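Asker: So that we are looking at the same thing, I have put the structure below in structure tokens.
Number of protein chains: 2
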Amino acid sequence: MATIRDVAKLANVSTATVSRVLNNQGYVNNETRKRVNDAIKQLNYRPNDVARSLFKGRSKMIALFVPDIKNPFFPELARAVEDVTNKHNYTFVLCNTDDNLDKEITYLNGLQQKSVDGLIMVSSTISQEDIKNISVPIISLDRKFSSEVSSVTVNNRKGAEIATRYLKSIGCKRIAHICGPQSASNSMDRLKGYLDVVKHESWFLSSYVVSGDYRFQQSFEITREMLTQHPEIDGIFVGNDLMAVGVLKATKSLKIKVPEELSIIGFDGISIGETTTPTLTTMQQPIYKLGVRAAQILLDHINNPNHDIIQEEWDVTLIKRDSTK
Amino acid sequence: MATIRDVAKLANVSTATVSRVLNNQGYVNNETRKRVNDAIKQLNYRPNDVARSLFKGRSKMIALFVPDIKNPFFPELARAVEDVTNKHNYTFVLCNTDDNLDKEITYLNGLQQKSVDGLIMVSSTISQEDIKNISVPIISLDRKFSSEVSSVTVNNRKGAEIATRYLKSIGCKRIAHICGPQSASNSMDRLKGYLDVVKHESWFLSSYVVSGDYRFQQSFEITREMLTQHPEIDGIFVGNDLMAVGVLKATKSLKIKVPEELSIIGFDGISIGETTTPTLTTMQQPIYKLGVRAAQILLDHINNPNHDIIQEEWDVTLIKRDSTK
DNA sequence: TTGAAAGCGCTAACAA
DNA sequence: TTGTTAGCGCTTTCAA
Chain V
16 MATIRDVAKL
26 ANVSTATVSR
36 VLNNQGYVNN
46 ETRKRVNDAI
56 KQLNYRPNDV
66 ARSLFKGRSK
76 MIALFVPDIK
86 NPFFPELARA
96 VEDVTNKHNY
106 TFVLCNTDDN
116 LDKEITYLNG
126 LQQKSVDGLI
136 MVSSTISQED
146 IKNISVPIIS
156 LDRKFSSEVS
166 SVTVNNRKGA
176 EIATRYLKSI
186 GCKRIAHICG
196 PQSASNSMDR
206 LKGYLDVVKH
216 ESWFLSSYVV
226 SGDYRFQQSF
236 EITREMLTQH
246 PEIDGIFVGN
256 DLMAVGVLKA
266 TKSLKIKVPE
276 ELSIIGFDGI
286 SIGETTTPTL
296 TTMQQPIYKL
306 GVRAAQILLD
316 HINNPNHDII
326 QEEWDVTLIK
336 RDSTK
Chain X
16 MATIRDVAKL
26 ANVSTATVSR
36 VLNNQGYVNN
46 ETRKRVNDAI
56 KQLNYRPNDV
66 ARSLFKGRSK
76 MIALFVPDIK
86 NPFFPELARA
96 VEDVTNKHNY
106 TFVLCNTDDN
116 LDKEITYLNG
126 LQQKSVDGLI
136 MVSSTISQED
146 IKNISVPIIS
156 LDRKFSSEVS
166 SVTVNNRKGA
176 EIATRYLKSI
186 GCKRIAHICG
196 PQSASNSMDR
206 LKGYLDVVKH
216 ESWFLSSYVV
226 SGDYRFQQSF
236 EITREMLTQH
246 PEIDGIFVGN
256 DLMAVGVLKA
266 TKSLKIKVPE
276 ELSIIGFDGI
286 SIGETTTPTL
296 TTMQQPIYKL
306 GVRAAQILLD
316 HINNPNHDII
326 QEEWDVTLIK
336 RDSTK
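This is the structure:
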């Protein structure tokens, strides 16, 4: 690889001049500029970003932490972040944390050593304390973990309330909830929204709430169990779409007709909900948009050290499909 | 952030000695080592990887190119690669190429400037010519694009043949194929495997092969069309699982019973195939394993400049589920 | 308008 | 066993 010195030599100028041409700043005579550009072309020269980073202390690199990219909620988020960062010539680093604090800390340290410019984190385990010696901007996405960190989330509680009310409005008399993991703030907020609507109903039983893990398989099993114990249930608000697909599957194995006998509504709006039969009614998050906003805010924070904390909370939208009557 | 000089000063040694302790090489007196380690701890010092990279010309960073992480085949691949690279303290960069050559070239240049140590590419568009001035190891994954590049793929043709023969073996008399995009070598190989089995059958019609794009929506539409035109079809080998889910959906909208009237087999073995009703029979690729192998071979190539070209071709496995009788 | 030179933080000869 | 020093490739002051 050619270096700036090779270019300087060929163009008969100093490295400083080449640098000026490269960065388009300072005075450079037009003819000199041309000579330099010719030399650059001739040598197929590309500046070494590592050297630049060392000098500047910035890497033009940002990282996204997700629990697991295999969970279908995250690829769309990742894609959104990557699209924005790529457009701004940032390199996109992906980290799977498995919701494991040790892994998160290890990533955090490693990335700091690489002068990463900023971080977007989907995390249930990290705390304000853990990031106190991180000197680069952090945006929390999908879940909040501190009031001192900018965040992009949705109004989970309100969304859950809308979902549950919708089930009531279409005539459901016994509405259950499959909730996500306790560790995730969004899951707890959705539970609250559900309880807001049903907790004073005379029919409400605490056994109408069962705990899932945001994944398909377990949801299938616990739903079979719950519906066997409680055949009177005629509506389920499920904490996310992936578990709702498990619920759908469970109803088939129990020969329960959806939506005739049981209405199901999920949360997230991931694309798998369009492929099932029946298609899945859901509270749709603007997933791509959330990723875009997180990335935009991060880039803004990177470029404006004296930024305010921004906490955006987006609305979710009821998408009526065929799993509710 | 503390630098090596701060540590040296505090421990009353030279930076060279600190470096020796850091890298565990060369002679260091035990007591000196202790002093240095104490200073490191006291200052919470972490070496600057950018400076290291500049010196070594290596970044401990590898990148994975995929067409689109939203396509559910790729997250598992990405996860596998990230797991391996993370274990070896490499930073994992993800690039969505959209199968767009210009984007690939731009990524390639940008990453070279960052001294990326190696690349794993899932690409249909790149050619030997395009990478001739890439000086770091490249592994092609899922699709081959050159005999001079190490690769990890599956035996698509044989897998397709097995799938098609299986449909015959369970009594299908008119077997169609939804194939993937022409640009992808794996898609064309699967088509060949299908043709190997059916092209000399008296019933075979060229209209039994229709072209999809590896995605759900289009597959739904073209399958409806095909099955309307050709109600005699009683078996479909689908180029990938995502399209097979579209096929399943199409059969429901046409009230065709699967597997009683029509057997369907997909390819890939992504997890969505376990969530459908009926569950999807498929030719399962060892997706995670493929990603792991690609990463392992890449790391090997990075560490052994005089490596041989390795082209691994893995077998796919017939997974019988409920979409075939 | 241009060049000389210092320095970003680290490693590795080489010398002591 | 330890220190001195050059240099990885770049940017930016400062001086000319």
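Just so you know, the protein sequences line up as chains V and X, in that order. Just so you know, we're using this note's numbering here: the first sequence kicks off at 16 and counts up by one. Just so you know, we're using this note's numbering here: the second sequence kicks off at 16 and counts up by one. C-beta atoms are modelled at their ideal positions from N, C-alpha and C, and glycine is treated no differently. For clarity, every value in this text was computed on a predicted model and none was experimentally measured.
Have a look at residue 128 of chain V and residue 180 of chain X and give me their C-alpha separation to the nearest angstrom.
Answerer: If you take the alpha carbons of residue 128 of chain V and residue 180 of chain X, they lie about 55 Å apart.
Asker: In whole angstroms, what is the alpha-carbon distance linking residue 154 of chain V and residue 118 of chain V?
Answerer: Each residue's alpha carbon lies about 18 Å from the other.
Asker: Output, in sequence order along the chain, the residues in the region 111-123 of chain X whose CB is closer than 7 Å to any CB in chain V.
Answerer: Listed by position along the chain: 111.
Asker: Per DSSP, what are the beta-bridge partners of residue 327 of chain X in this structure?
Answerer: DSSP lists X:167 as partners of residue 327 of chain X.
Asker: In this structure, what does DSSP give as the bridge partners for residue 106 of chain X?
Answerer: Residue 106 of chain X pairs with X:76.
Asker: What would DSSP say about residue 290 of chain V, mapped onto helix, strand or coil?
Answerer: Three-state DSSP puts residue 290 of chain V in a helix.
Asker: Quick one: what's got a C-beta closer than 8 Å to residue 123 of chain V's C-beta in the same chain, skipping five residues either side?
Answerer: Same-chain partners within the cutoff: 134, 145, 146, 149.
Asker: Spell out whether any CB of chain X is found under 8 Å from the CB atom of residue 68 of chain V.
Answerer: Yes, contact with chain X.
Asker: Going by DSSP in three states, residue 296 of chain X sits in which element: helix, strand or coil?
Answerer: Three-state DSSP puts residue 296 of chain X in a strand.
Asker: For the region 216-245 of chain V, enumerate the residues whose C-beta is nearer than 8 Å to any C-beta of chain X, in chain order.
Answerer: Cβ contacts with chain X: 231.
Asker: Which word fits residue 274 of chain V, buried or exposed, when buried means at least 16 other C-beta atoms lie within 10 angstroms of its C-beta?
Answerer: Per the 10 Å Cβ criterion, buried.
Asker: Give the interface partners of residue 109 of chain X over in chain V, defined as CB-CB distance under 8 Å, in chain order.
Answerer: Chain V residues near residue 109 of chain X: 93, 97, 107, 108, 109.
Asker: Expressed to the nearest angstrom, what Euclidean distance is found between the alpha-carbon atoms of residue 277 of chain V and residue 269 of chain V?
Answerer: Each residue's alpha carbon lies about 12 Å from the other.
Asker: Measure the beta-carbon distance from residue 245 of chain V to residue 224 of chain V and round it to whole angstroms, keeping in mind my assumption that it falls under 8 Å.
Answerer: Incorrect: roughly 11 Å between the Cβ atoms, too far for contact.
Asker: Between the alpha carbons of residue 260 of chain V and residue 231 of chain V, how many angstroms are there, rounded?
Answerer: Roughly 7 Å between the two C-alpha positions.
Asker: CA-CA distance, residue 253 of chain X and residue 332 of chain X?
Answerer: Near 15 Å, if we compare the C-alpha coordinates of residue 332 of chain X and residue 253 of chain X.
Asker: Residue 16 of chain X by DSSP, collapsed to three states: which one?
Answerer: In the structure shown, residue 16 of chain X sits in coil (DSSP, three-state: anything other than H, G, I, E or B).
Asker: Throw me the rounded Cβ distance for the residue 82 of chain X and residue 87 of chain V pair, which I believe falls under 8 Å.
Answerer: Not quite, the Cβ-Cβ distance comes to about 17 Å (not below 8 Å), so this is no contact.
Asker: Quick one: is residue 273 of chain V near chain X, going by C-beta distance under 8 Å?
Answerer: Not one chain X Cβ lies under 8 Å of residue 273 of chain V.
Asker: Closest to residue 152 of chain V by CA distance: which of V:310, V:138, V:106, V:110 is it?
Answerer: It is V:310 whose Cα lies nearest to the Cα of residue 152 of chain V.
Asker: Which residues does DSSP list as the beta-bridge partners of residue 136 of chain X?
Answerer: X:80, X:155.
Asker: Pop quiz: residue 199 of chain V and residue 282 of chain V are said to be a contact at Cβ under 8 Å. What is the actual Cβ separation, rounded to whole angstroms?
Answerer: With 8 Å as the limit, residue 199 of chain V and residue 282 of chain V do not qualify as a contact, their Cβ atoms being about 12 Å apart.
Asker: Suppose the cutoff is 6 Å on Cβ atoms and the five residues either side in sequence are ignored; what does the same chain contact list for residue 285 of chain V look like?
Answerer: Answer for residue 285 of chain V: 87, 88, 256, listed in chain order.
Asker: Determine the closest residue to residue 301 of chain V out of V:293, V:30, V:316, V:328, with distance taken between C-alpha atoms.
Answerer: Of V:293, V:30, V:316, V:328, the residue nearest in Cα terms is V:328.
Asker: I'd like to confirm the pairing. Which residues does DSSP put opposite residue 194 of chain V in its beta bridges?
Answerer: Per DSSP, V:226.
Asker: Should the region 19-37 of chain X be called in touch with the region 45-64 of chain X, which here means at least 3 C-beta pairs below 8 Å?
Answerer: Segments in contact, yes.
Asker: Run through the region 233-314 of chain V for me and flag every whole alpha helix (DSSP H) of 4 or more residues, listed as ranges in chain order.
Answerer: DSSP runs (the alpha helix (DSSP H)) wholly in the region 233-314 of chain V: 256-268, 287-290.
Asker: With a cut-off of 8 Å, does the C-beta of residue 127 of chain V fall near any C-beta of chain X?
Answerer: Residue 127 of chain V counts as touching chain X.
Asker: Under 8 Å, Cβ to Cβ, is there at least one residue of chain V near residue 287 of chain X?
Answerer: At least one chain V Cβ lies under 8 Å of residue 287 of chain X.
Asker: Can you give me the start and stop residues for the beta strand (DSSP E) that residue 332 of chain V sits inside?
Answerer: That run of the beta strand (DSSP E) goes 332-334.
Asker: Tell me whether residue 318 of chain X is buried or exposed, calling it buried when 16 or more other Cβ atoms sit within 10 Å of its Cβ.
Answerer: Exposed, because fewer than 16 other Cβ atoms sit within 10 Å of the Cβ of residue 318 of chain X.
Asker: Please state the DSSP three-state secondary structure of residue 45 of chain V.
Answerer: Note: residue 45 of chain V maps to helix in three-state DSSP.
Asker: Which one of V:294, V:339, V:251, V:264 has the shortest CA to CA distance from residue 294 of chain X?
Answerer: The shortest C-alpha separation from residue 294 of chain X is found at V:264.
Asker: Residues in the same chain with beta-carbon distance under 8 Å from residue 330 of chain X, minus the five sequence neighbours each way, listed in chain order, please.
Answerer: 169, 170, 173, 174, listed in sequence order.
Asker: Whole angstroms are fine: how far does the CA of residue 251 of chain X sit from the CA of residue 194 of chain V?
Answerer: The alpha-carbon atoms of residue 194 of chain V and residue 251 of chain X are separated by roughly 38 Å.
Asker: Going by other Cβ atoms of all chains shown within 10 Å of its Cβ, with 16 needed for buried, is residue 236 of chain V buried or exposed?
Answerer: That one is exposed.
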